[in-house]
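Asks: One rule links them: number in this note's numbering = place in the sequence shown (from 1) + 677.
By construction, the Cβ of each residue, glycine as well, lies at the ideal position given by its N, Cα and C atoms.
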Amino acid sequence: MLKAGILGATGAVGQRFVQLLANHPWFELTTLTASERSAGKRYADAVNWRLDSPFPDKAGELIVSPTNVDAVKDCDIVFSALPAELAGTLETAIADAGVGVFSNASSHRMDPDVPLMIAEVNPEHAALIDVQRKKRDGFIVTNPNCSTIMLATALAPLRKFSFTGIQVATMQAISGAGFEGVLAFGIYDNVIPYIGGEEEKMAREANKILGTFENGQITGAPFTVSASCNRVPVIDGHTLNVWIDIKATPEEVIEAFKTWEAPFTGLPTQPDKSVLYLPEENRPQPRLDRNRGGAMTVSVGRVREGIRFVAMGHNTIRGAAGASVLNAELFHSKKYI
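#1: Measure the alpha-carbon distance for Y871 versus Q849 and round it to whole angstroms.
#2: Taking the straight line between their C-alpha atoms, what separation do you get for S712 and F1008?
#3: Could you tell me if F816 is buried or exposed, where buried requires 16 or more neighbouring beta carbons within 10 angstroms of its beta carbon?
#4: Which of the three DSSP states, helix, strand or coil, is assigned to M879?
#5: Looking at A716 and S757, is the spacing between their C-beta atoms short of 8 angstroms?
#6: Extract the residue ranges of the beta strand (DSSP E) inside the stretch 807-874, only unbroken runs of 3 or more that lie entirely within it.
#7: Let me make sure I understand the geometry here. Which of N918, T687 and G978 has the alpha-carbon closest to that of G855?
#8: Given P731, which residues of its chain have a CB within under 6 angstroms of its CB, disregarding the five upstream and five downstream residues?
#9: Could you check whether V791 and T769 sit closer than 8 angstroms to each other, using their CB atoms as the reference points?
#10: Along the alpha helix (DSSP H) that carries E1006, what are the first and last residues, could you check?
#11: Determine the extent of the beta strand (DSSP E) in which F732 is found, giving its start and end residues.
#12: To which residues of the same chain is K924 closer than 8 angstroms at the C-beta, ignoring the five residues directly before and after it?
#13: Which value, in whole angstroms, describes the spacing of the CA atoms of G863 and Q844?
#14: What residue range is occupied by the uninterrupted beta strand (DSSP E) comprising D966?
#15: Are at least three pairs of beta-carbons, each pair with one atom in the stretch 994-1002 and one in the stretch 690-703, less than 8 angstroms apart?
#16: I'd like the list of long-range same chain contacts for H701, defined as Cβ closer than 6 angstroms, with 5 residues on each side in sequence excluded.
#17: Nearest to E1006 by CA position, among P945, A998, I921 and S951, is which residue?
#18: For the beta strand (DSSP E) containing K680, name the first residue and the last one.
#19: Does the separation of the CB atoms of V980 and A988 fall below 8 angstroms?
#20: Does the separation of the CB atoms of G798 and A829 fall below 8 angstroms?
#21: What is the rounded straight-line gap between the Cα of G990 and the Cα of Y954?
#22: Measure the alpha-carbon distance for H802 versus I895 and round it to whole angstroms.
#23: Taking C-beta to C-beta, are L832 and L763 nearer than 8 angstroms?
#24: Measure the beta-carbon distance from Q922 to G842 and round it to whole angstroms, keeping in mind my assumption that it falls under 8 angstroms.
#25: Is the distance from the Cβ of A846 to the Cβ of N918 below 8 angstroms?
#26: Tell me the residue span of the beta strand (DSSP E) that contains P743.
#27: For the beta strand (DSSP E) holding G983, just list the boundary residues, first then last.
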């Protein structure tokens, strides 16, 4: 068992990490960090558990540590749910101290030697660790922005076709902004047509994820992404309307979705189907489909002439904590840890 820690364990994504790691078969949860006001308390006393899953009693007995390098120096790996303004310097220091960092933060996603990973989509990018380890004993691996994960995972089965332009309109759940991120009075009976930085992240991150790895570096994919991001009154589950300039018929796209398989199997957090095509004319829907595959499946449907389709997935599991845990499982299976 590898010793695992969580940075920022009391927040929305941090709680998802705790949920997924409390009884993990490969990783032993040994360290939880949070703010100074929570440090020294039992996790059960420090956290306001807000998930729709039972509180993991085993994690509740852990004593919360302050968020610094010393707190996690005995861990083999740590999972970071820190905000970007805190993550950059601290994640670097932890990696320099010899610990593997799997981060949900945006701080290092575009660093040339840091893998921006969706385990089933670009596992070959894991080899960037060999480049990174020339300068440090540990390493940093990032997962993308939550909406980018849904988009890039849905695009993975279509890479055998030629496409150059993608337009996407997102309808993003309120949990993506954190527990305190969207005021109830602002989101009820409303759609907020702006999420700061989201559209830019989708454009640049998708190009890196679907790019090619050669000679120790990634060359970005040859397509452009134009995104329009909206916050909607849904608790969990990001829905994307996608338009793609692609040389394929709707029937060929549907067949690609139906037949695509991940390049590996058998990891604990991996769903049976990473991409699931739903033939019903009104699917996917967040309430009905976000928990498919242990909330790790991206559901697609409504493929039409154009080519247009809908993609949807659970934003704090598939789009955040679950993606990071699956990355760690992949790296462990590849003997990088």
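Replies: Taking the geometry as given:
#1: 10 angstroms
#2: 29 angstroms
#3: buried
#4: helix
#5: no
#6: The qualifying runs are 816-819 and 840-849.
#7: T687
#8: none
#9: no
#10: G999 to S1010
#11: From DSSP, F732 is part of no beta strand (DSSP E); its letter is neither H nor E.
#12: F838, S839 and F840
#13: 27 angstroms
#14: Taken as a continuous stretch (DSSP letters only), D966 belongs to no beta strand (DSSP E), being part of the alpha helix (DSSP H) at P963 to D966.
#15: yes
#16: none
#17: Closest by alpha carbon: P945.
#18: It spans L679 to L684 - the beta strand (DSSP E) in which K680 sits, taken as one unbroken run.
#19: A distance of 8 angstroms or more separates the beta carbons of V980 and A988.
#20: For the record, residue 798 in the displayed sequence is Val; it is not Gly. In contact: V798 and A829 (Cβ atoms closer than 8 angstroms).
#21: C-alpha of G990 to C-alpha of Y954: approximately 12 angstroms in a straight line.
#22: 8 angstroms
#23: no
#24: Note that residue 922 is Asp in the sequence shown here, rather than Gln. 4 angstroms between Cβ atoms; contact.
#25: Yes.
#26: V741 to P743
#27: From DSSP, G983 is part of no beta strand (DSSP E); its letter is neither H nor E.
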